[in-house]
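If you read the protein sequences in the order shown, they are chains W and E. Heads up: the first sequence is residues 1 to 673, going by the UniProt record's numbering. Heads up: the second sequence is residues 1 to 479, going by the UniProt record's numbering. What follows is a short report on a single structure.
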Amino acid sequence: MDNARGDVPREWYRDEGHVGYDVDGRKIVKQKWDDSIEHLIRLTDDLSYWRNVFDEKGGKELVVSKSQESLELFRRLRTSIIPVMDIHSDEVRLEIGSSDHFQTIQVPKRRFIPSKWEAKLVLRIMRGLRRKASIQLLENSPADNQKLIWIEEQNRTSERNDGRACLPAPKVKLPTNIDSYNPPPEYDCAEVVKSIGHSVVQKIDLGSQVALRAVPSYSDFVTERTHLCRRFQRCLDLYLCPRVLRTRLNFQQSDILPSLPTTKVQYIHLNLGRRLHIEHGSIGAETISKSPKFDFFRTFILSVAVHISGLVLGPIILIQCLLNLSNDYRQWLISGSADSILRMWEVSTGRCIRSWQLAESASCVAWSSHDGKNIVSVCVGCSLVLLNTQKGTSISVHEKQQMFLTCWIMTECSRDNMILNERVSNDMPSWEERFVRRKLCSPQKVIFFIDRKNDIVFVHHIAPVERVSWHHKGDYFATLVPKGNNILVHSLSRRTTRPVFQQQNVPIQRAVFHVSRPWLIVSTRSKVYLYDLHRQFLVKKMSSGSSISCIATHFGDNIIVGCSNGRLAWFDMDFSDTPYRVLASHHSTVKSVAFHRRYPLFASVSDDTTAQIFYGLVYSEIEKNALIVPVKVLRSHALKDCEGILDCDFHPAQPWLFTAGADCTIVCFCDGV
Amino acid sequence: MVKPSKNMGGKSTKKQLRAKGGVASRYTTRNAALNRLQLKLADFRRLCILKGIHPREPKKKHKGQGKTYYHVKDINFLAHEPLLDKFRALRAYERKIKKAKAPYHAVDRLEERKPQYGLDHLVKERYPTFQDALRDMDDPLTLVQLFARLPADKRHGIPSEVVQRSRTLALEFESYVVKTNALRKCFISVKGIYYQAVVYGEELTWMTPHALAQTLPEDVDYRVMLTFLEFYVAMTGFVNYKLYHDRGLRYPPLLDSKLEDNAGGIVAVIHTLEDGAKAVGSGSNAKASDDKLCSTLFKGSVFFIQRECPKDMMIFVITSFGGDVAWDGEGSPHDASDGGITHVVADRPMDGKMASNREYVVPQWVVDCANWRVLIPTEEYKPGTPPPPHLSPFVNSEEEGYTPDYEKTLRRLKALARAAREGRSLADVSEEDGTRMLTAAEEAAEEERAYAKELSKEVRGIPYSKWRCARRTSSSATG
Chain W
1 MDNARGDVPR EWYRDEGHVG YDVDGRKIVK QKWDDSIEHL IRLTDDLSYW RNVFDEKGGK
61 ELVVSKSQES LELFRRLRTS IIPVMDIHSD EVRLEIGSSD HFQTIQVPKR RFIPSKWEAK
121 LVLRIMRGLR RKASIQLLEN SPADNQKLIW IEEQNRTSER NDGRACLPAP KVKLPTNIDS
181 YNPPPEYDCA EVVKSIGHSV VQKIDLGSQV ALRAVPSYSD FVTERTHLCR RFQRCLDLYL
241 CPRVLRTRLN FQQSDILPSL PTTKVQYIHL NLGRRLHIEH GSIGAETISK SPKFDFFRTF
301 ILSVAVHISG LVLGPIILIQ CLLNLSNDYR QWLISGSADS ILRMWEVSTG RCIRSWQLAE
361 SASCVAWSSH DGKNIVSVCV GCSLVLLNTQ KGTSISVHEK QQMFLTCWIM TECSRDNMIL
421 NERVSNDMPS WEERFVRRKL CSPQKVIFFI DRKNDIVFVH HIAPVERVSW HHKGDYFATL
481 VPKGNNILVH SLSRRTTRPV FQQQNVPIQR AVFHVSRPWL IVSTRSKVYL YDLHRQFLVK
541 KMSSGSSISC IATHFGDNII VGCSNGRLAW FDMDFSDTPY RVLASHHSTV KSVAFHRRYP
601 LFASVSDDTT AQIFYGLVYS EIEKNALIVP VKVLRSHALK DCEGILDCDF HPAQPWLFTA
661 GADCTIVCFC DGV
Chain E
1 MVKPSKNMGG KSTKKQLRAK GGVASRYTTR NAALNRLQLK LADFRRLCIL KGIHPREPKK
61 KHKGQGKTYY HVKDINFLAH EPLLDKFRAL RAYERKIKKA KAPYHAVDRL EERKPQYGLD
121 HLVKERYPTF QDALRDMDDP LTLVQLFARL PADKRHGIPS EVVQRSRTLA LEFESYVVKT
181 NALRKCFISV KGIYYQAVVY GEELTWMTPH ALAQTLPEDV DYRVMLTFLE FYVAMTGFVN
241 YKLYHDRGLR YPPLLDSKLE DNAGGIVAVI HTLEDGAKAV GSGSNAKASD DKLCSTLFKG
301 SVFFIQRECP KDMMIFVITS FGGDVAWDGE GSPHDASDGG ITHVVADRPM DGKMASNREY
361 VVPQWVVDCA NWRVLIPTEE YKPGTPPPPH LSPFVNSEEE GYTPDYEKTL RRLKALARAA
421 REGRSLADVS EEDGTRMLTA AEEAAEEERA YAKELSKEVR GIPYSKWRCA RRTSSSATG
């Protein structure tokens, strides 16, 4: 059945169901191609199938004979080689230009000129051969991994020399028992599960099925995923995390603590704790209970001063006094309270020995000695009253009353200078008084009244007297007049007064004489000034960062300053203008600080009802800094009207601390021997 | 000399403004560094990873808080790197290939003539001595081990050559560890298996994931990991070469193709001596006894590893501690029915199938024995029963402040083994470690004493319950 389609191209039948017509005009149906499976089956079943040729025009399959010639002919036809066997391809030459077909194509120039890069390559090979080096046809050869790059280097250091600090990456943490696939039961507790997370929870659910083959069943996806992710995180850490070299100090806790003195002295100090209560007014009750106006239980004790019977001077004199007066060994404590009564206590028994009624509440009390007499100085209103405690120790009630009256009148009078003479002379003629008036630089005018009979001296100021501080020799004393904004230095023997400043604009907080040197230490709210009185110039100006509330001096070159924010600053005068140490020990205003006169102790009291004892040892060697160790926090007072402890002082000889609280008690903390 | 005025524009002003000292002159931000080096961020990162340069934390961040700061010297150091030119050349070359792609057929030729670079100078530069390199081998080993178990993946850009290379390197290193019996610790954790070996006195710790099909998470930047791997592969190659060279072994080692095809792991590695080289033993005398113990722990034992156990890990641990292995599958040196097999490592219940002349243990037994250097009695490690807790050998219980109960047992076993080995009493040996343990005789004496005490009470007619009560109260009072 021949296809009679003639010259009609095959493509025209592409979309038809037939491929042409036979001689009779019947359609020749298009044969379907075998699909690949059928092809495969036939290829295996039919051994001659591979020789089948599909005649598209005829629409049927033909089988090529097995003969070598016909197969070769087919191969040549299929690979577009000239099918005639006799003609070899190399013999066929097409004359360029002779054929019409090739005439249109222009032969490029590069066909005629020798290749440049080939020439270069040849040249390079030639040169290489000439050098007898290995010929590298390729420009780059991959790095040879298999070579020894670390040759024996004995003296090589691993330090890099390029000047960059080498910061090695921290190593990954090693696994602990908790990471085990089969951890001890104590590492499986619920808290651990919560903190570690998912994988462990699942593992616990497995219970008894602890086996290595069971590991994937509880960690299959999550852990494997996290393993790769964790590696990735590590990679990120290695190249993205900033590295800092942190020098970690390896030390024990005991290494940082200063070496504490372990002598017997220390033992005494550390045992501060026994309390000796002095109820304010245990004796005064009988005398003053008549007048309910003076309810001492509801008043504050404002100031405390401790005194040993005898002289109150430097520490050496004190010891002598003790030796001399061993049979009459008594210690006195003076306290002034807000009920305007000045009381004198016997320290060892806590008895109130004497009391004086004042016109106003005393703002400051202090002990001093002059001409072998123990003098109490009290700041009452505008005047400073000096009392001799030895005189009239056993006065009767009447006398006492008289004396109260006197004091009262004196202070009242002193308020008004003009009528002073008349009233004193009219009402109390029996008293001998002397009137000393000195004109000072205006406006300060100070008048000394002296009551010879009772040994009382009134030093009258124009403005209220805030504080008094005694020079260690007992003749000079300084009073602080805040309204006058000045410090007046008085001489008791000569009855003279001199102001320290011509003019002072910044309000002065405290002024104290140095314990052993001719220095006056003046503090304003922010600064501490140190004046040399002998040579009359400013020695040093020191500043603690916060506002100053109280101040105390060491007999060396040290000052402690209490601040209103609860800090305690220790200034070393040789050291710097800034504190050598700042102790943040209280959380409320430090009301008073005190140095012990014999032992290396100092104390601070505050409104937070605590008193703190510190060990402050100052070495005689200059290069050694002071050793400051907190010793004990003492709590005994109660808070009253937002005020705790108001004043404190050390016993001059014993390691005893007296604190005066707003809860109307004076507490003596003794060593527990 | 005229002082330059502030208004003078141009270069002089800039010169004045340039920082002369302090933080600003020592640190630059990353963007400034990029500008200086004329690099794209990706190239910069690659370079940083290869050179081991990391950001630093200046004391004062003069350009703002959110910036990354590099040391100026680090950046200068990068600027002199030969790789920088290589990177530039590569980038230009990429452009060339891109252009060539459309009309020209020279792409293949261009592809194969791409500029290439080696990292040997970087390895040498970052690790001037071999010890430095060993000290920093933890990360390389872990990453190489990880990639040896990852599938090659076109989508994530993990080429098969890299995976193949990491596999080879990992195998070479493990084989070296086995050959020198350098493995010291092994720990099966939930995350993977940790190994610690001592090579040249350095403790190398690495981790391999559990033998499971690895999934490739999408949120990982594989380019970063591959850059790290590129360096680590180079470094591990050099380290392996040095290790093999020092032992006088041929590098790369030959592989038994038959075993390799059957996933034989380290058993497939055949070590041959280098031509003309002498085998060098590890000369250090320090910790020689421990070394000897490690290499002879499983000596004389033949372990048959059942197919449910992780074969690679088991072979690695057992052979490094001197044991002999056989397994279920092709290439095994011994048959399952071989009479020489002493231990069977199984991880499933073996009830009724246990031969009497063999010890049946779970894989944890092998690891615990290796960690504690003592052959622990196998009763508790029978397959099918939950084994005792698996303790981490990396924990120092003195520093931790807590000793698990099982650790105490193991310590006692260890001391006993040591006493037996050295022919001394237990008390003697344990005293050296700081805690005195009682010998069997002393323990017996103790028991005897307690018994005599009880007996005397009985003779006196005190009931046991009452006596116990009294003893308890007295002990609590004293305690």
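From the three backbone atoms N, C-alpha and C, an ideal C-beta is built for every residue, glycine too.
In the DSSP assignment, what residue or residues form a beta bridge with residue i?
{"i": "Gln612/W", "result": "Ser604/W and Val633/W"}
{"i": "Trp570/W", "result": "Ile560/W and Arg581/W"}
{"i": "Ile375/W", "result": "Ser368/W and Asn388/W"}
{"i": "Val344/W", "result": "In the sequence as presented, Val is not what sits at residue 344/W; that position holds Met. The partner list for Met344/W (beta bridge, DSSP) reads Ile334/W and Arg354/W."}
{"i": "Arg243/W", "result": "Arg56/E"}
{"i": "Trp519/W", "result": "Asp532/W"}
{"i": "Leu498/W", "result": "A small correction: the amino acid at residue 498/W is Arg; Leu does not occupy that position in the sequence shown. Val489/W."}
{"i": "Val344/E", "result": "Phe304/E and Tyr360/E"}
{"i": "Gly20/W", "result": "Ile28/W"}
So with CB distances below 9 Å, who are the chain W contacts of residue i?
{"i": "Thr142/E", "result": "Val172, Arg231 and Arg234"}
{"i": "residue 520/E", "result": "The structure shown does not extend to residue 520/E, since chain E spans only 1 to 479, so no value can be given for it."}
{"i": "Met225/E", "result": "Leu228, Arg231, Phe232 and Cys235"}
{"i": "Asp347/E", "result": "Ala211, Leu212, Arg213 and Ala214"}
Residues in its own chain within less than 7 Å of residue i by CB, not counting five upstream and five downstream?
{"i": "Gly6/W", "result": "none"}
{"i": "Ala4/W", "result": "Gly20, Tyr21, Asp22 and Val23"}
{"i": "His471/W", "result": "Phe477 and Phe513"}
{"i": "Asn7/E", "result": "At Asn7/E the pLDDT is 48, less than 50, meaning the model places this residue with poor confidence; the figure from the coordinates comes in the next sentence. The answer is none, since no qualifying residue turns up."}
What does residue i touch in chain E if you count any residue whose Cβ is under 7 Å from its own?
{"i": "Ile149/W", "result": "Asp120, Val123, Lys124 and Phe238"}
{"i": "Asp45/W", "result": "What Asp45/W touches in chain E: nothing, since even the nearest Cβ is about 36 Å away."}
Below 6 Å CB to CB, which residues in the same chain sit around residue i once its five sequence neighbours on both sides are set aside?
{"i": "Glu61/W", "result": "Asn52 and Phe54"}
{"i": "Arg167/E", "result": "Ala148"}
{"i": "Tyr251/E", "result": "Tyr241 and Tyr244"}
{"i": "Arg468/E", "result": "none"}
{"i": "Asn485/W", "result": "Gln504"}
{"i": "residue 483/E", "result": "Nothing in the structure corresponds to residue 483/E, since chain E is present only between 1 and 479."}
{"i": "Pro387/E", "result": "Val362, Gln364 and Tyr381"}
{"i": "Arg76/W", "result": "Pro83"}
{"i": "Ala370/E", "result": "Cys186, Val317 and Phe321"}
Please list, in chain order, the chain E residues whose beta carbon lies closer than 8 Å to that of residue i.
{"i": "Cys241/W", "result": "His54 and Pro55"}
{"i": "Pro175/W", "result": "Phe187, Ser189, Lys191, Tyr194, Ser392 and Phe394"}
Output needed for residue i: all residues of its chain with C-beta closer than 8 Å, excluding positions within five of it in sequence on either side, in chain order.
{"i": "Ile49/E", "result": "Val224, Thr227, Phe228 and Phe231"}
{"i": "Arg460/E", "result": "none"}
Please list, in chain order, the chain W residues whose beta carbon lies closer than 8 Å to that of residue i.
{"i": "Gln364/E", "result": "Asn182 and Leu212"}
Inter-stretch contact (C-beta, 8 Å, three-pair minimum) for the region 91 to 110 of chain E and the region 65 to 80 of chain E: no
Using a beta-carbon distance cut-off of less than 8 Å, what residues from the region 610 to 633 of chain W approach chain E? none
Are the region 376 to 383 of chain W and the region 458 to 476 of chain W touching by the rule of at least three beta carbon pairs closer than 8 Å? yes
Would the region 51 to 61 of chain E and the region 235 to 248 of chain E be scored as touching if the rule is three or more Cβ pairs under 8 Å? Too few Cβ pairs lie closer than 8 Å, so no.
Please list, in chain order, the residues of the region 188 to 200 of chain E that have any C-beta partner in chain W closer than 8 Å. Ile188, Ser189, Val190, Lys191, Gly192 and Tyr194
Listed from N- to C-terminal order along the chain, which residues in the region 83 to 102 of chain E have their beta-carbon within a distance smaller than 8 Å of any beta-carbon of chain W? Hits within the stretch: zero.
Decide if the region 545 to 565 of chain W is in contact with the region 631 to 645 of chain W; the criterion is three or more beta carbon pairs, one per stretch, under 8 Å apart. no
Could you list the residues in the region 128 to 152 of chain E with a C-beta less than 9 Å from some C-beta on chain W, going in chain order? Pro128, Thr129, Phe130, Gln131, Asp132, Ala133, Arg135, Asp136, Asp138, Asp139, Thr142, Leu143, Leu146 and Leu150
Does the region 86 to 96 of chain E come close enough to the region 203 to 221 of chain E to have 3 or more Cβ pairs within less than 8 Å? no
Proximal residues, the region 25 to 56 of chain E versus chain W, C-beta separation under 9 Å: Arg45, Cys48, Ile49, Gly52, Ile53, His54, Pro55 and Arg56
Tell me which residues of the region 199 to 217 of chain E have at least one Cβ-Cβ distance to chain W shorter than 7 Å, keeping chain order. Thr205, Pro209, His210, Leu212, Gln214, Thr215 and Pro217
Spell out a yes or no on whether the region 540 to 548 of chain W and the region 591 to 605 of chain W are touching, meaning 3 or more CB-CB pairs, one atom from each, closer than 8 Å. no
Quick one: which residues of the region 109 to 135 of chain W get their C-beta closer than 8 Å to a C-beta of chain E? List them in chain order. Cβ contacts with chain E come from no residue of the region 109 to 135 of chain W.
Count the CB pairs spanning the region 598 to 616 of chain W and the region 641 to 651 of chain W that are closer than 8 Å, and state whether there are at least three. yes
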